[in-house]
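According to full-length UniProt numbering, the sequence shown is numbered sequentially starting from 1.
Built from N, CA and C at the ideal position, the CB exists for glycine as well.
Keep in mind the model is a prediction, meaning the values are calculated, not measured.
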Amino acid sequence: MIRVLLADDQALMRAGFRALLDAEDDLEVVGEATDGTSAVQLSRRLRPDVVLMDVQMPGLDGIEATRRIAADPDLTATHVLILTNYGLDSYVFAALRAGASGFLLKDADPADLLQAIAVVARGDALLAPAVTRTLISEFVSGPPPAEPAAGRDVLTSREQEIVELVGKGLSNDEIAVRMVISPLTAKTHVNRAMMKLHCRDRAQLVVWAYESGLVTARRR
């Protein structure tokens, strides 16, 4: 059973999500938060597997709520899925940097939302390669980081090569083909890199790859 917390200031939106999730045998809505402060408080009390987090809420917004949840050592098993009415924008990347496991538009198909919840709950990468490439395209259109993120010295040369490919949007299967290794070996390298860099998931690894300077893309 996957335990889900809904965080959205719109009652109608929460009701719609609850109706969809309650219809699934393997999903349970354990609570509803109307703002970021209550989302953090309920996460600490209920320990959900997944928080469906709206960005724009009164008081404490979804980004800061995500940051607090991700930074709480007692909530390492709780993953945040950002839900938004808008497309890729600067605040979405701020949410990923804050510790969100990914994002989804509120007008996504119900099947996509259910799949995203299942993927995030397993602790796997939420972002499909196609979505990752879109994220990268938007990410690199902004100014480069003033100070590159630290951590490259903890990676082996092979791991740096793997992370670079992740940063360019390749899936584990595509990395395996490129490096002539098995998909399982590619996944193992990716997981080790995430562990060393304290990245919660693949989305954060992509962000790190650019912020560290390991990947430098052409500016549009």
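Taking the CB atoms as reference points, tell me whether residue i and residue j lie closer together than 7 Å.
| i | j | result |
| --- | --- | --- |
| residue 172 | residue 196 | no |
| residue 78 | residue 48 | yes |
| residue 63 | residue 98 | yes |
| residue 215 | residue 161 | no |
| residue 255 | residue 151 | With the chain represented from 1 up to 220, any question about residue 255 goes unanswered, as that position is not in the structure. |
| residue 1 | residue 35 | no |
| residue 81 | residue 50 | yes |
| residue 108 | residue 66 | no |
| residue 9 | residue 58 | yes |
| residue 55 | residue 84 | yes |
| residue 193 | residue 159 | yes |
| residue 30 | residue 46 | yes |
| residue 52 | residue 37 | no |
| residue 116 | residue 105 | no |
May I ask which residues mark the beginning and end of the beta strand (DSSP E) holding residue i?
| i | result |
| --- | --- |
| residue 54 | 50-54 |
Compute the beta-carbon to beta-carbon distance between residue i and residue j, rounded to the nearest angstrom, for a pair I have assumed lies under 8 Å.
| i | j | result |
| --- | --- | --- |
| residue 4 | residue 32 | With a Cβ gap of about 10 Å, residue 4 and residue 32 do not count as contacting. |
| residue 69 | residue 43 | 5 Å |
| residue 178 | residue 170 | 7 Å |
| residue 24 | residue 113 | That belief does not hold up - the Cβ atoms of residue 24 and residue 113 are roughly 10 Å apart, past 8 Å. |
Span of the alpha helix (DSSP H) holding residue i?
| i | result |
| --- | --- |
| residue 162 | 157-167 |
| residue 154 | Unbroken run through residue 154: none, as it is neither H nor E. |
| residue 207 | 202-211 |
| residue 193 | 183-197 |
| residue 180 | Residue 180 -> no alpha helix (DSSP H), and no H or E assigned at all. |
Scan the UniProt domain "Response regulatory" (3-121) and note each continuous beta strand (DSSP E) run of 3 residues or more that stays entirely inside, going in chain order. 27-33, 50-54, 79-84 and 102-105
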